[in-house]
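**Student:** Heads up, the sequence shown is in numbering that gives the first Met the number 0, so the first residue is 0 and it goes up one at a time.
The beta-carbon is built from N, C-alpha and C at its ideal position, and this holds for glycine as well.
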Amino acid sequence: MKLEFMKLPFEDKSVLYNIMQLYYYDLSEFESETDKFDINSHGLYDTKYLDHFWTEEGRYPYIAKSDGKISGFVLIRKTDPNVFAYEVSEFFVLRKYRKLKIGSFMTENIFNIHNGHWEIRTLLNNIPAQDFWRKKVADLTEGNYEEKMIRNNTRLAWYFNN
Numbered sequence: 000m001k002l003e004f005m006k007l008p009f010e011d012k013s014v015l016y017n018i019m020q021l022y023y024y025d026l027s028e029f030e031s032e033t034d035k036f037d038i039n040s041h042g043l044y045d046t047k048y049l050d051h052f053w054t055e056e057g058r059y060p061y062i063a064k065s066d067g068k069i070s071g072f073v074l075i076r077k078t079d080p081n082v083f084a085y086e087v088s089e090f091f092v093l094r095k096y097r098k099l100k101i102g103s104f105m106t107e108n109i110f111n112i113h114n115g116h117w118e119i120r121t122l123l124n125n126i127p128a129q130d131f132w133r134k135k136v137a138d139l140t141e142g143n144y145e146e147k148m149i150r151n152n153t154r155l156a157w158y159f160n161n
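1) I'd like to check one pair, residue 146 with residue 157: are the Cβ atoms closer than 7 Å?
2) Could you tell me which residues DSSP pairs with residue 64 in its beta bridges?
3) Can you list the beta strand (DSSP E) stretches of 3 or more residues lying completely in the region 8-43, in chain order?
4) If you compare alpha carbons, which of 11, 3, 85, 32 is closest to residue 123?
5) Leaving out five residues on either side along the sequence, give the residues of the same chain with a beta carbon under 6 Å from the beta carbon of residue 22.
6) Look at residue 75 and residue 96 and say whether their C-beta atoms are less than 7 Å apart.
7) Do residue 118 and residue 86 have their beta-carbon atoms positioned less than 7 Å apart in this structure?
8) If you draw a straight line from the alpha carbon of residue 110 to that of residue 161, how long is it in whole angstroms?
9) Quick check on residue 59: does DSSP put it in helix, strand or coil?
10) What does the alpha-carbon distance come out to for the pair residue 45 and residue 38?
11) Do residue 108 and residue 4 have their C-beta atoms closer together than 7 Å?
12) With DSSP run on the structure shown, which of helix, strand or coil describes residue 79?
13) Just to confirm, is the Cβ distance from residue 104 to residue 136 under 7 Å?
14) Would you mind reading off the limits of the alpha helix (DSSP H) that contains residue 107?
15) According to DSSP, is residue 48 helix, strand or coil?
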């Protein structure tokens, strides 16, 4: 399988918008007690900050492809313009590709491209994401990371340097 990882150009923003509909649908399973993942009157999830990944400095939209087909995306945001501090804003692998190590491929790429202090968060009920990130962060840092509950115990976060 040929894997590719690339920054998504503005001209292809609609591709990311479409994939984010699937991403939000998947996430809605893990946060049903709020209206954050309700669809709007047009039957779509709102993606109000998506344009910022092309209009604001320090935001990086990436997609992954498997044999030329889009298999996932990751949105990275620089959290402090004065230091190398980043967060994984959004991370998604299409279900078809989840057992094919696409997520691992994407994490290897983002951590090779962006070095510094990292914050990664998951929804508290998203156990598959927690399992994935706990293993990836532990492997990357050789166990040198901090894991803690944040946002009134609604998110689990990892903090580390790479």
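**Tutor:** On the basis of the coordinates in this document:
1) yes
2) 3, 69
3) none
4) 32
5) 91
6) no
7) yes
8) 7 Å
9) strand
10) 7 Å
11) yes
12) strand
13) no
14) 101-112
15) coil
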